[in-house]
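Notes to accompany the following structure.
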Amino acid sequence: MLAKVYVTLKTGVLDPQGKAIHHAAETIGYQGIEDVRQGKYFEIRLNPSLADDQARTEVEKFAHDVLANPVIENYRVEIVR
23 MLAKVYVTLK
33 TGVLDPQGKA
43 IHHAAETIGY
53 QGIEDVRQGK
63 YFEIRLNPSL
73 ADDQARTEVE
83 KFAHDVLANP
93 VIENYRVEIV
103 R
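Basically the numbering used here = 1-based index in the sequence shown + 22.
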């Protein structure tokens, strides 16, 4: 079983890395990109014996406590069997 966790900055939180990427894209000729927001992606292998609801609960707690800063970041969890 695999958990996919996507962590992104909340709307309104300054994203200097995203701004730098956007600027670089413009510098090398990309014209249609209006904005870039960067984030983090994690793949977590889980014990296949876990029930889906237990797996989601564990990963949601892990994402909240360890992977994301809930003050400035949102996270989304997907469980794939």
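Glycine included, C-beta positions come from ideal geometry on N, C-alpha and C.
Should residue i be labelled buried (16 or more other beta-carbon atoms within 10 Å of its own) or exposed?
i           : result
leucine 24  : exposed
alanine 46  : exposed
tyrosine 63 : exposed
tyrosine 97 : buried
valine 99   : buried
alanine 85  : buried
alanine 77  : buried
valine 35   : exposed
To which residues does DSSP link residue i through a beta bridge?
i            : result
lysine 26    : Glu65 and Glu100
glutamate 56 : None; glutamate 56 has no bridge partner.
Compare the C-beta of residue i with all C-beta atoms of chain C and state if any pair is closer than 8 Å.
i         : result
lysine 62 : No chain C appears in the structure shown, which is made up of a single protein chain.
From what residue to what residue does the alpha helix (DSSP H) around residue i run?
i             : result
isoleucine 43 : 38-49
aspartate 75  : 74-84
Taking the C-alpha atoms as reference points, what is the distance between residue i and residue j?
i            : j            : result
glutamate 73 : leucine 31   : Reading off the sequence shown, one finds alanine at residue 73, where the question assumed glutamate. Straight-line Cα distance between these residues: approximately 30 Å.
proline 70   : arginine 103 : 8 Å
glutamate 48 : aspartate 57 : 10 Å
So does the segment 91-101 actually touch the segment 27-44, counting three or more Cβ pairs closer than 8 Å? yes
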